[in-house]
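Report on the structure given below.
Here you go:
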C-alpha cells in the first residue's frame with residue numbers, strides 16, 4: 001500500500017495518497033480483482049511501472065504513515081466506490097467515465113453507462129466548496145484538440161478529509177497562461193469535456 005500511494009500520487013499530499021489507497025481497497029472488495037493489496041497493486045499494466053520494486057525517496061515516510069491509516073479503515077469520502085483514476089487534466093474519448101474526485105494530481109472516476117460528471121464539474125464543485133488559498137488564472141493545455149483545460153491544483157484549497165483538491169503537481173510544460181484574468185481565448189470546438197473559458201474569479205462568482 002505504501003508503494004502504490006508513493007508512486008501514484010503527489011508525494012506531499014496525504015489526501016491524494018488516501019484517495020489512491022481507497023481505489024486499492026475498493027478493488028480488493030469488488031470481487032473483480034485480487035483479494036490482497038499486493039495482488040491488486042502487482043497486476044500488470046494497472047499501476048506505475050516498478051511500483052513493487054523501485055526505490056522510494058523523499059515522501060516515503062508520509063506514504064508509510066498514510067498507508068497505515070488506510071489499512072486501518074480510512075477512506076476518501078468523495079472517491080467512494082471508484083476503482084479507477086488517471087492523471088488529472090488528461091481527457092479520453094470514452095463515454096462511461098463518471099468523475100467523482102480530484103486529489104493528489106489524479107482524477108478518480110467510476111465506469112457508468114449514465115456517466116455525467118466531468119473533471120470540469122468536479123473542479124467547479126471544489127472551488128465552490130471552499131475559497132482558494134492562492135488565485136491563478138485557468139490554464140489550458142496548449143489548446144490542443146482532444147484534451148481538457150489543465151488546472152494547476154495549487155490555486156485550490158489545502159488537503160482536507162472532505163475531498164477538496166490538494167496542492168499538486170505543476171502544470172505541464174506545454175501549458176499557456178491566459179494573458180489577462182477574466183479574459184480568455186476561446187477553446188476550439190471538439191475539445192472533449194472542456195470548460196467555458198473563464199478566470200478563477202469567474203468560477204468563484206458562479207459558485208456563489
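In the working numbering, the protein residues as written are 1 to 208.
Ideal Cβ positions, reconstructed from N, Cα and C, are used throughout, including at glycine.
Considering residue i, what are the terminal residues of the beta strand (DSSP E) in which it resides?
{"i": "residue 7", "result": "First-last for residue 7: 2 to 8, but that is the alpha helix (DSSP H), not the beta strand (DSSP E)."}
{"i": "residue 22", "result": "Element bounds for residue 22: not the beta strand (DSSP E) but the alpha helix (DSSP H), 14 to 30."}
{"i": "residue 107", "result": "106 to 111"}
Would you mind stating whether residue i and residue j have Cβ atoms separated by less than 8 Å?
{"i": "residue 2", "j": "residue 63", "result": "yes"}
{"i": "residue 12", "j": "residue 103", "result": "no"}
{"i": "residue 47", "j": "residue 15", "result": "no"}
{"i": "residue 211", "j": "residue 20", "result": "Residue 211 lies beyond the range of the chain shown here (1 to 208); nothing can be said about it."}
{"i": "residue 49", "j": "residue 43", "result": "no"}
Taking the alpha-carbon positions, what's the residue i to residue j distance?
{"i": "residue 80", "j": "residue 113", "result": "18 Å"}
{"i": "residue 145", "j": "residue 78", "result": "Because residue 145 sits at a pLDDT of 36, beneath the cut-off of 50, its placement in the model cannot be relied upon, and the following sentence gives the value as read from the coordinates. C-alpha separation (whole angstroms): 29 Å."}
{"i": "residue 52", "j": "residue 124", "result": "36 Å"}
{"i": "residue 109", "j": "residue 122", "result": "11 Å"}
{"i": "residue 92", "j": "residue 69", "result": "32 Å"}
{"i": "residue 126", "j": "residue 74", "result": "21 Å"}
{"i": "residue 26", "j": "residue 65", "result": "20 Å"}
{"i": "residue 118", "j": "residue 31", "result": "27 Å"}
{"i": "residue 54", "j": "residue 72", "result": "25 Å"}
{"i": "residue 40", "j": "residue 24", "result": "7 Å"}
Going by C-alpha to C-alpha distance, which of the options sits closest to residue i?
{"i": "residue 115", "options": "94, 58, 50", "result": "94"}
{"i": "residue 100", "options": "88, 82, 90", "result": "82"}
{"i": "residue 89", "options": "66, 28, 72, 120", "result": "120"}
{"i": "residue 57", "options": "6, 118, 111, 117", "result": "6"}
Given the structure, does residue i come close to the ligand PLP, in the sense that its CB is under 7 Å from one of the ligand's heavy atoms?
{"i": "residue 82", "result": "Among the components modelled here there is no ligand, and therefore nothing to report on the ligand PLP."}
Checklist entry - Which residue spans inside the segment 34 to 88 form an unbroken alpha helix (DSSP H) run of at least 4? => result 37 to 41, 60 to 71
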